[in-house]
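In short: position in the sequence shown from 1, add 2, done, that's my numbering.
Beta carbons are placed, not taken as given, at the ideal position from N, Cα and C, and that holds for glycine.
Quick caveat, the model's predicted, so the values are computed rather than measured.
Reading through the structure tokens given below for one structure.
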Amino acid sequence: MIRNQSGNTDVREKLILNLSFSALLVLVSYSFYLEYVAGEASTLILLNFTLHSAWFTSLIVLMQGKRLKHFRLSRSLFLLAVGSAIATTSLLWGADTGLQYFLLLAMVGCDYFFRQEEKQAQQISELFFLITFLGTELFIILPEGEVWKSVRFFNSLVLGIGSLYLLRTVRARQAGNAIMRGLDSSLVASLLPRDPDNPADYWQVGETRKLDTVSVLFADLRGYTGLSERFDDEEVVALLNNLYLQFDDIAMRYGVEKIKTNGDEYMAATGVPIIRRNAIPPAGKDATRLCHFAFAIIDVVATLRERLNIDLSVRVGMATGAVTGGIIGNHKPHFDIWGKTVNLASRLEQFGQPDEVTVCPVTADILRGDLMSPYEPGQYQDYDARYRGHPVLRKVV
């Protein structure tokens with residue numbers, strides 16, 4: 003349906019214009035046929051056609067010139083013109099031509115002229131066409147015998163009310179299906195991100211690729227296990243969920259890709275070529291943006307620590323380099339990254355201090371070369387023979 007697909011006023015305006023042109027053409031054709039072919043035209047019929055032709059013509063002219071500034075006014079005039087033209091023509095012809103049943107078609111067609119939030123106005127329009135149909139039908143069948151008159155009007159009543167009920171039932175089901183499709187799409191997009199080479203498709207399950215320059219972050223909550231001594235399990239889970247929701251919001255703000263969570267550990271990355279719908283390409287170097295994220299979540303945990311007076315902090319480790327990314331397995335699939343860079347970031351998180359960001363030498367060089375970065379690497383430290391890291395400091399302004 004047009005309103006469900008786009009909800010665009012311009013689309014509905016074009017629909018009204020096209021239908022007005024069509025109605026005008028039908029009225030003119032009827033007039034020509036009755037006058038010059040059938041020879042059955044009456045003065046009242048031709049006057050009726052002329053008045054409604056003028057009505058549709060005025061509507062077309064006003065809408066083309068944008069003199070009707072409010073779409074709702076043009077829509078109301080159009081629907082009134084349709085109802086009036088069908089009803090008056092059905093009555094003036096003086097014969098049962100079945101034209102009045104087009105009023106039911108107009109009732110169904112109301113669905114194309116209203117947005118989802120205009121439910122009340124749409125229902126009023128549908129009732130207008132239903133009542134007009136029943137009134138027209140009643141006047142047409144009055145000359146018939148008493149028995150057939152009552153039978154036919156009862157059939158018309160059932161047909162009209164049944165059509166309206168069926169219309170609204172189908173619409174409600176479609177609205178529910180649309181919501182479910184939206185939820186399904188959001189869920190699939192969170193598990194299977196967009197293919198960077200073909201944004202219209204999802205990253206294929208079982209597909210892996212080498213990604214040359216990715217900054218990886220591991221954040222681990224220190225003191226998380228001690229929470230169980232003060233809170234019950236449900237409260238601990240609720241606290242962790244609230245914390246991770248804030249982490250997710252911060253990640254979206256800085257263009258950071260959340261990879262996964264594992265208990266009290268949060269993994270994220272930048273430089274992963276995943277295209278998400280409505281995403282705005284973030285500014286700044288990948289490593290710098292990941293530092294923004296790291297210090298922001300440290301501040302969030304610090305705020306929670308002060309508010310609840312609990313011993314809770316976060317250690318953060320970061321590394322930059324090549325990784326392999328993709329989706330493996332087909333049960334509960336999700337995007338993940340692997341490689342030495344990932345292992346290094348995990349190790350640096352374990353070696354780091356609470357409420358501190360520890361980065362590898364490659365990340366340190368990137369921060370050092372980013373003149374706009376508010377962070378600078380400190381003196382390197384050898385944690386063991388294989389791992390060297392730099393604590394990251396906030397520049398003093």
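Just the Cα atoms here: how many angstroms apart are LEU140 and GLN66? Position 138 of the sequence shown, counted from the start, is the residue given in the question as residue 140. Position 64 of the sequence shown, counted from the start, is the residue given in the question as residue 66. Computed Cα separation, rounded: 38 Å.
Going by the CB atoms, is the gap between LEU106 and SER165 shorter than 8 Å? Indexing the sequence shown from 1 puts residue 165 at position 163. Indexing the sequence shown from 1 puts residue 106 at position 104. Against a cut-off of 8 Å, the Cβ pair of LEU106 and SER165 comes out as a contact.
Please list the segments of the beta strand (DSSP E) lying wholly inside the region 289-367, counting only runs of 3 or more residues, in order along the chain. 315-328, 338-340, 358-361
Cβ neighbours of ALA108 in the same chain (closer than 6 Å, five flanking residues each side left out): Taking the first residue of the sequence shown as position 1, residue 108 is located at position 106. VAL84, PHE131, listed in sequence order.
Identify the continuous beta strand (DSSP E) that holds GLY391 and give its terminal residues. Counting from 1 along the sequence shown, the entry for residue 391 is found at position 389. From DSSP, the beta strand (DSSP E) with GLY391 extends over 390-396.
Simplified DSSP state of ASP386, which is helix, strand or coil: Numbered from its first residue, the sequence shown carries residue 386 at position 384. Coil at ASP386, not helix or strand.
ASP222 - partner residues in DSSP beta bridges: Here residue 222 is taken as the residue at index 220 of the sequence shown, counted from 1. Answer by DSSP bridge pairing, in chain order: GLU267, ARG317.
Could you check if HIS294 is buried or exposed, using at least 16 other CB atoms within 10 Å of its CB as the buried criterion? The residue labelled residue 294 in the question sits at position 292 within the sequence shown. HIS294 is buried by the Cβ-count criterion.
Can the beta-carbon of ILE339 be found less than 8 Å from the beta-carbon of ALA271? The sequence position of residue 339 within the sequence shown is 337, counting from 1. The sequence position of residue 271 within the sequence shown is 269, counting from 1. Yes, Cβ-Cβ distance for ILE339 and ALA271 is below 8 Å.
Just tell me which of ASP235, GLY111, ARG211 has its CA closest to the CA of VAL325. Counting from 1 along the sequence shown, the entry for residue 325 is found at position 323. Nearest C-alpha to VAL325: ARG211.
Proximity winner among THR134, ARG117, ASP98, relative to ARG77 (alpha-carbon distances): Taking the first residue of the sequence shown as position 1, residue 77 is located at position 75. The residue with the shortest Cα to Cα distance from ARG77 is ARG117.
Check the DSSP bridge columns for THR272 and list the partner residues they point to. Position 270 of the sequence shown, counted from the first residue, corresponds to residue 272. Per DSSP, SER217.
Would you please state the rounded distance, in angstroms, between the beta carbons of PHE104 and ILE18? I believe it to be under 8 Å. On the sequence shown, position 102 is the one that residue 104 refers to. On the sequence shown, position 16 is the one that residue 18 refers to. The pair is not a contact, with the Cβ atoms about 17 Å apart (cut-off 8 Å).
Segment limits, alpha helix (DSSP H) that includes TYR256: Stepping through the sequence shown from its first residue, residue 256 is reached at position 254. Per DSSP, TYR256 belongs to no alpha helix (DSSP H) and is neither H nor E.
Quick one: Cα of ILE261 to Cα of PHE337, how far? Taking the sequence shown and counting its residues from 1, the one referred to as residue 261 is at position 259. Taking the sequence shown and counting its residues from 1, the one referred to as residue 337 is at position 335. Spanning the two alpha carbons is a distance of roughly 7 Å.
Range of the contiguous beta strand (DSSP E) that encloses GLU209: Here residue 209 refers to the residue found at position 207 when the sequence shown is read from its first residue. Note, GLU209: premise wrong, no beta strand (DSSP E); not H, not E.
Which of the three DSSP states, helix, strand or coil, is assigned to GLY380? For the purposes of this step, residue 380 is identified with residue 378 of the sequence shown, where counting begins at 1. In the structure shown, GLY380 sits in coil (DSSP, three-state: anything other than H, G, I, E or B).
Quick one: Cα of TYR114 to Cα of VAL172, how far? Sequence index remark: in the sequence shown, residue 114 carries index 112 (1-based). Sequence index remark: in the sequence shown, residue 172 carries index 170 (1-based). In a straight line, the C-alpha of TYR114 is about 14 Å away from that of VAL172.
In angstroms, rounded to a whole number, what distance separates the CA positions of GLN125 and GLY208? Start at 1 with the first residue of the sequence shown, and residue 125 comes out as number 123. Start at 1 with the first residue of the sequence shown, and residue 208 comes out as number 206. Whole-angstrom Cα-Cα distance: 50 Å.
Less than 8 Å separating the beta-carbons of MET320 and ALA298? By 1-based counting over the sequence shown, the position of residue 320 is 318. By 1-based counting over the sequence shown, the position of residue 298 is 296. For MET320 and ALA298, no; Cβs fall outside 8 Å.
Give me the DSSP bridge partner(s) of LYS262. Locating residue 262 in the sequence shown gives position 260, where the first residue counts as 1. DSSP lists MET269 as partners of LYS262.
Going by alpha carbons, who is nearest to GLU1 out of SER44, THR52, VAL63? Given a span of 3 to 399 for the chain in the structure shown, any question on residue 1 remains unanswerable.
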